[in-house]
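Student: Okay, here's the structure, questions in a sec.
Spelled out as structure tokens, the structure:
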């Protein structure tokens with residue numbers, strides 16, 4: 302058998318490897334979201350680095366400029382505060398994972414973590430993102446966001462109507 306036939310390329314024997322997308326390792330970033338700021342924790346050359354940025358579009362741009370787009374931003378679902386940051390970061394080309402706060406709390410308890418501050422929470426979110434497989438978050442469709450906002454407005458109006466009706470009944474008796 303000629304030598305050329307014995308030296309078949311690797312992909313000849315394992316063709317499915319040639320169709321797999323190239324996975325660039327992502328830098329995991331822990332983000333603790335509050336109303337005004339994002340507490341950020343990431344690893345740079347095996348050292349933990351922490352910074353705070355504003356929870357505004359300018360702060361999100363600063364975060365992307367500082368860390369680049371090859372990042373997985375791990376954060377807790379914190380009501381309306383995390384949505385703008387998550388949407389802007391996905392639009393900038395980064396990946397975002399939104400985690401249930403109870404799951405993170407149990408992770409911290411499992412590792413006997415103590416103390417509670419935004420920076421410590423960001424550090425725990427970094428560790429969680431490094432150690433646990435996490436589903437990537439995708440922003441909801443614009444129509445779905447609008448429907449949710451309309452539903453919330455309707456619920457608010459119904460509550461106000463009920464309060465007014467109860468107050469009127471109380472005045473009549």
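Numbering (the working numbering), first residue to last: 302 to 474.
Note that the Cβ used here is the ideal one computed from N, Cα and C, for glycine as well.
#1: Give the DSSP bridge partners of residue 374, in chain order.
#2: Under a three-way DSSP split, which group does residue 340 fall into?
#3: Counting only the same chain and skipping the five closest in sequence on each side, list residues whose C-beta sits under 7 Å from that of residue 412.
#4: Excluding the 5 residues flanking residue 384 on each side, which residues of the same chain have their C-beta closer than 6 Å to its C-beta?
#5: Would you identify the three-state DSSP class for residue 436, choosing helix, strand or coil?
#6: Span of the alpha helix (DSSP H) holding residue 487?
#7: CB-CB under 6 Å to residue 354, same chain, minus the five flanking residues each way: which ones, in chain order?
#8: Residue 425 and residue 409 look like a contact to me (Cβ under 8 Å); what is the Cβ gap, rounded to whole Å?
#9: With a threshold of 8 Å, are at least 3 pairs of Cβ atoms found where one atom belongs to the segment 386 to 398 and the other to the segment 429 to 443?
Tutor: With the structure as the only source:
#1: 330, 397
#2: strand
#3: none
#4: none
#5: coil
#6: Beyond the ends of the chain as shown, which are 302 and 474, falls residue 487; an answer cannot be given.
#7: 339, 360, 363, 364
#8: 5 Å
#9: yes
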